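Every letter in the sequence shown is one number past the one before it in the working numbering, and letter 289, counting from 1, is 289.
The C-beta atom is built at its ideal place from N, Cα and C for all residues, glycine as well.
Predicted, not measured: the structure shown is a model, and the values here were computed from it.
These notes are about the structure you will find just below.
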Amino acid sequence: MLHDDDPVTTAAADPATYVWHDPIVYRRLHEESAAAWLGTIDFLRESEAVDESLLDEAEALVASAEALDPDVFSATWVHPLCFGWSFALYEAAEQRNEPRLAQALHRMHLVAAASALARGDGVEFRHPVPLAKHAVLPGLPAVLEVEPGGLLAGVTGHELLLVRGDQHARLDSRKPGTALGVTLRPRHRVSVGPLAVDLLPEAFFGAETGMGDSADALGDAAFHALHAPLVNDAFALVRQHQASTFDQMVQHLRVVGLKDFDTGEYTNVSVSEAPGAFVASVYEHPYEMADIFIHEMHHNRLFALENVEPLLDLGDPWLGYSPWRNDPRPLRGLLHAVYVFLPVARYWDAVLGAGGLDDDLTAYARDQVVRTALQLRTAFTTLDTNADWTAHGSIVRPVLEAGVIASEARAEMHELSRETPAWRIDKTGRLTHDPEGTVGASVDAHRARYEATYGVR
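Shown next, in the form of structure tokens:
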């Protein structure tokens, strides 16, 4: 049901702005996260499942967030980890899982400690909290490697207050160091203009991020540090060629994980449990990495849109052809593909229009402009033929259709067609001719391979 104060109600006046730019969809996510914290505390208080003094402290920590400077609040409470942590607490409360409940409540202390570090002041906990083996404080570009039994008692200035048994120590959060079996290891923070993103693989380790065992495929800290210049260059290209997406990254993106292309069973991933984070496989080419970052950022945005209200009424399971995948995909997968590749198409059009590229990159950009237009038409037609759009989806659908038409018009403006020479890129960043010859032949060959395996649908 759509309410008068729902974001959907305001979307009709300017659907395109709502679909692509309006920050209200992100705000809704974080409002729900805060409501989950406080609502669960109230539930636990009524059920008497947790010590009252622990709930009092947790409630005070959440309430204190209202007085934070907006930048501090954004860096800590509006962090990918916090969303997952808040709903982990909710689930633990529903299940009456006392060990998980205690762990989830302690996460509030970590966020409060991170906020105090960002402010440069202090907070002391009545109940020191146990630290995980790899502990991450939201907004702190570092990981704490903790031997069993390490406790965090609070923060003063820029120092962590640690406890182990009857021992107490302080650990400076701004530099590497070890105290009482807790080792702080800084991680790389990429900064491009107002954008600050942590390359922090450990942020994906917890089950609350939705990554599960998939996080094992991420590169180590050295891998992330090695590729930090590439990430920096890619974000600079996003800023240059798609400022609207860059602005959303500034407001919403906090953490990126990197992996080798050949490691794991996936290439890139965003998950709804960790808004403001994604994992990307490394291509040694900044233009391709910028493409991936735009793609994944829009998965984040579409998750936020879907969180407002579903876009599709998913009845009987449906699987069919996607121009970007080798396996059958559900309708929601096609929806995500269309949504994320529309801004990718705009990016390559902007790259091509800006000029100044060498011959190979020019040829690859031309390929991408027309290839993506062809793929979008196929995917949108399949989606629209088979999908039942909800009321919310009916606002989004014409915006997507207009985007597909615009992508075709841009290809035509550049005098590109199915006969445009086909190019491809490998993980080393090497650009080569596609052996299929033309973009049209390459797209057709992909579909033919799919149909030979799975049939026509």
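- Boundaries of the beta strand (DSSP E) around THR178: 177-179.
- For LEU131 and ARG430, the gap between their C-alpha atoms comes out near 44 angstroms.
- A Cβ-Cβ contact shorter than 7 angstroms links PRO201 with LEU218.
- For ARG164, the uninterrupted beta strand (DSSP E) segment begins and ends at 159-164.
- VAL146 is a Cβ neighbour of ALA135, given a cutoff of 7 angstroms.
- Pairwise C-beta distances place the segment 347-359 out of contact with the segment 273-284, as fewer than three of them are shorter than 8 angstroms.
- Within the DSSP secondary-structure output, TRP324 pairs in no beta bridge.
- Taken through DSSP and simplified to helix, strand or coil, LEU55 comes out as helix.
- Rounded to the nearest whole angstrom, the CA to CA distance from ALA345 to MET297 is 14 angstroms.
- About 6 angstroms separates the Cβ atoms of ASN386 and LEU331, confirming a contact at the 8 angstroms cut-off.
- Between the segment 438-452 and the segment 303-319 there are fewer than three C-beta pairs closer than 8 angstroms, too few to call the two in contact.
- By the Cβ rule, the segment 78-91 counts as touching the segment 21-41, because three or more pairs are nearer than 8 angstroms.
- Residue ALA274 holds the alpha-carbon nearest to the alpha-carbon of PHE83 among LEU376, TYR364, ALA274 and PRO398.
- In the DSSP annotation of this structure, the continuous segment of the beta strand (DSSP E) that includes GLU124 starts and ends at 122-130.
- For VAL256, the uninterrupted beta strand (DSSP E) run begins and ends at 255-259, by DSSP.
- ALA422 and ALA441 have their C-alpha atoms some 8 angstroms from each other.
- Closest option to THR378, judged by alpha-carbon separation, among GLN368, SER322 and THR420: SER322.
- For ALA280, the enclosing beta strand (DSSP E) begins and ends at 277-281.
- Between GLU306 and the set ASP247, SER272 and ARG325, the nearest pair of CA atoms involves SER272.
- When DSSP reads this structure, GLN167 sits in a beta bridge with ARG164.
- Per DSSP, PRO310 lies in no beta strand (DSSP E) segment and is marked neither H nor E.
- Contact between the segment 244-264 and the segment 192-200 is present, with at least three C-beta pairs closer than 8 angstroms.
- When the five nearest sequence neighbours on each side are left out, the beta carbons in the same chain lying within less than 6 angstroms of the beta carbon of ILE292 are those of ASN268 and ALA280, in order along the chain.
- Taking one beta carbon from each stretch, the segment 47-59 and the segment 173-180 have fewer than 3 pairs nearer than 8 angstroms; the two do not touch.
- Taking 7 angstroms as the cut-off, the beta carbon of VAL129 is found no closer than this to the beta carbon of HIS158.
- Residue burial is scored here from C-beta neighbours: VAL456 has fewer than 16 other C-beta atoms within 10 angstroms and is therefore classed as exposed.
- The C-alpha of GLN240 lies about 23 angstroms from the C-alpha of LYS427.
- Cβ contact annotation for THR438 (same chain, cutoff 7 angstroms, sequence separation greater than five): ARG418, GLU419, THR420, PRO421 and ALA422, in chain order.
- With a minimum length of 4 residues, the unbroken runs of alpha helix (DSSP H) contained wholly in the segment 187-267 fall at 221-226, 228-241 and 243-252.
- Following the DSSP letters along the chain, one finds LEU140 in no alpha helix (DSSP H), marked with neither H nor E.
- Annotation for THR156: the continuous beta strand (DSSP E) segment containing it runs 151-156.
- The Cβ atoms of ALA13 and ALA75 do not sit closer than 7 angstroms to each other.
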